[in-house]
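Student: Taken in sequence, the protein lines are chains A and B. Residues in the first sequence are numbered from 1 upward in steps of one, following the numbering used here. Residues in the second sequence are numbered from 1001 upward in steps of one, following the numbering used here. Note that the Cβ used here is the ideal one computed from N, Cα and C, for glycine as well. Computed from a predicted model, the values in this text were never measured in an experiment. Can you read through this structure? Questions will come right after.
There are 2 protein chains.
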Amino acid sequence: MGKKDNTEAEYKILEAARKVFIKKGYAGARMREIADEAGINKGLLHYYFKTKDGLFESIFDELLMTFAPQLNIIFESDLPFFEKIEQFINQYMTVLINNPDLPSFIVHEMQQNEEKVVNAILKSKHKPNPMKFMMQIQMEVATGKIRAINPVHLMINMVSLCAFPFVGKPMFKGMLHINDVEYLQIMEIRKKEIVDFIINSLKI
Amino acid sequence: MGKKDNTEAEYKILEAARKVFIKKGYAGARMREIADEAGINKGLLHYYFKTKDGLFESIFDELLMTFAPQLNIIFESDLPFFEKIEQFINQYMTVLINNPDLPSFIVHEMQQNEEKVVNAILKSKHKPNPMKFMMQIQMEVATGKIRAINPVHLMINMVSLCAFPFVGKPMFKGMLHINDVEYLQIMEIRKKEIVDFIINSLKI
DNA sequence: GTCTATAGGTAGATAGAC
DNA sequence: GTCTATCTACCTATAGAC
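This is how it looks when you write it as structure tokens:
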């Protein structure tokens, strides 16, 4: 077997690493399992990525960026208030539906290495900056467009209503006695449910 | 050193195991670290608990029970609807504020071993059964007491608004530039914020 | 019951043939 | 570039002294 396109092996390794790390977490993942998943040899992992830690960082940064820019859409856009909320919910839920196991992975690894991860986010050019959005909320309150509400909690509410159903998927699946496919269908319907829930709560 | 009260050593081990498992997760926890945390020898762990897996199960079942019975309070009580919601939010948030690292641990380990954990819950006498509560929601809608809302999503909303701020604590702390003490203060205020948010959303 | 010492297994990482 | 074989370190678990 001659030499292959090196980008292909590297790509297969990254794909496999993403899959295994997301499923098992950093501590639970095995270099052996990543190699098997990629269909290559264990030694080759260390040829492309010196250490497990290096491989992890290569994929983690990329995964973080799957979420952070989506958050910035709401925080920094100039849309009218209710439209901004609706667009954020739809867009964020779509990302989550397409990556249902990602939230659990992110929050777990963030907790394992809080300062390291938080610093990585803050240094990133995609750093979430909710201040503009929270000021817009206060403006809406001040001008009587919505009821008085604490901007910090409204922001937390929006993210929580979208993200937790994916983090707690096993629990809700068990309580509702449904399978993965049915759960994702519920999440699809949920886009509109969340928007209605928030908008109704904000009306004067 | 003579023999000590055996319940004391066992208690210290369980305390230490709970702390280390919650912080590091099953895969990341080390028997050595648990022994050190308990102030006893590594060999003694295996005297009281044959295996790491056995020690884990000893504490995990107990931790699960910290949450499930609280959920049943809302699902099975006979309180008027809005009072039931308020009591649930206050009670559940109090549990979470007193155990802020528990949600991340539970959801991560549930995902690692979904069928095993879900079966353990379903077999438990504290099994969460949201059916009664969801039927009450439908009754409120039918009698025109609240706006039309999907009971499944209202139930998910209530849990999500309480639990996610703890799962995503590192993220929110980073975004808001605050420390742990300040974060818990926000969570204390949040009890009322969540109740207001839900009640306002349900009004006709 | 509590400790020390160590066995047995497996993980990440390296060396070297091809 | 890709593989096999192996090293070293660490982790769980056991054996045995006290």
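Establish whether the CB of residue 193 (chain A) and some CB of chain B are separated by less than 8 Å.
Tutor: Yes - at least one Cβ of chain B is within 8 Å of the one on residue 193 (chain A).
Student: Against chain A, with Cβ distances strictly below 8 Å, would residue 1151 (chain B) count as a contact?
Tutor: Closer than 8 Å: no.
Student: Could you name the residues of chain A that residue 1077 (chain B) contacts, counting a contact when the two beta carbons are closer than 7 Å?
Tutor: Those do not exist, as residue 1077 (chain B) stays about 17 Å from chain A at its closest Cβ, beyond 7 Å.
Student: Quick check on the DSSP output: the alpha helix (DSSP H) that includes residue 51 (chain A) runs from which residue to which?
Tutor: Run containing residue 51 (chain A): none; DSSP gives neither H nor E here.
Student: Could you tell me the alpha carbon to alpha carbon distance between residue 1048 (chain B) and residue 1101 (chain B), rounded to whole angstroms?
Tutor: Their Cα atoms are separated by approximately 26 Å.
Student: Are the CB atoms of residue 1107 (chain B) and residue 1067 (chain B) nearer to each other than 8 Å?
Tutor: Not in contact: residue 1107 (chain B) and residue 1067 (chain B) (Cβ atoms no closer than 8 Å).
Student: One question on the structure: do residue 104 (chain A) and residue 1111 (chain B) come within less than 8 Å of each other, judged by their Cβ atoms?
Tutor: The answer is yes: Cβ separation under 8 Å.
Student: Is there a Cβ from chain B that is less than 8 Å from the Cβ of residue 28 (chain A)?
Tutor: True, the Cβ-Cβ gap to chain B drops below 8 Å.
Student: Identify the contact partners of residue 100 (chain A) in chain B, using a Cβ-Cβ distance below 9 Å as the criterion.
Tutor: Those do not exist, as residue 100 (chain A) stays about 11 Å from chain B at its closest Cβ, beyond 9 Å.
Student: CB-CB under 7 Å to residue 37 (chain A), same chain, minus the five flanking residues each way: which ones, in chain order?
Tutor: These residues qualify, in order along the chain: 16, 19 and 20.
Student: Classify residue 1027 (chain B) as helix, strand or coil using the three-state DSSP reduction.
Tutor: If DSSP states are grouped into helix, strand and coil, residue 1027 (chain B) belongs with the helices.
Student: In whole angstroms, what is the alpha-carbon distance linking residue 1202 (chain B) and residue 201 (chain A)?
Tutor: Rounded to the nearest angstrom, the two C-alpha atoms are 7 Å apart.
Student: From the DSSP output, in three-state form, read off residue 1013 (chain B) for me.
Tutor: Residue state, collapsed to three classes: helix.
Student: Excluding five sequence neighbours on each side, which residues of the same chain lie with their C-beta closer than 7 Å to the C-beta of residue 1041 (chain B)?
Tutor: Hits under 7 Å: 1035.
Student: Hey, how far is the Cα of residue 71 (chain A) from the Cα of residue 148 (chain A)?
Tutor: For residue 71 (chain A) and residue 148 (chain A), the distance between alpha carbons rounds to 23 Å.
Student: Could you have a look at residue 169 (chain A) and say whether DSSP puts it in helix, strand or coil?
Tutor: Residue 169 (chain A): helix per DSSP, three-state reduction.
Student: Find the residues of chain B that neighbour residue 114 (chain A), judging by a C-beta separation of less than 7 Å, and give them in chain order.
Tutor: Under the 7 Å cutoff, chain B gives 1170.
Student: Beta-carbon within less than 6 Å of residue 194 (chain A)'s beta-carbon, same chain only, minus the 5 sequence neighbours each way: which residues are those?
Tutor: Contacts found: 89 and 161.
Student: Whole-angstrom Cβ separation of residue 1075 (chain B) and residue 1129 (chain B), contact assumed at under 8 Å?
Tutor: With a Cβ gap of about 6 Å, residue 1075 (chain B) and residue 1129 (chain B) count as contacting.
Student: Restricting to Cα atoms, I'd like to know which of A:174, A:164, A:56 and A:73 is closest to residue 187 (chain A).
Tutor: The option with the nearest alpha carbon to residue 187 (chain A) is A:164.
Student: Identify each residue in the region 1122-1150 of chain B for which the Cβ-Cβ distance to at least one residue of chain A is less than 7 Å, and report them in chain order.
Tutor: Result list: 1122, 1128, 1130, 1147 and 1150.
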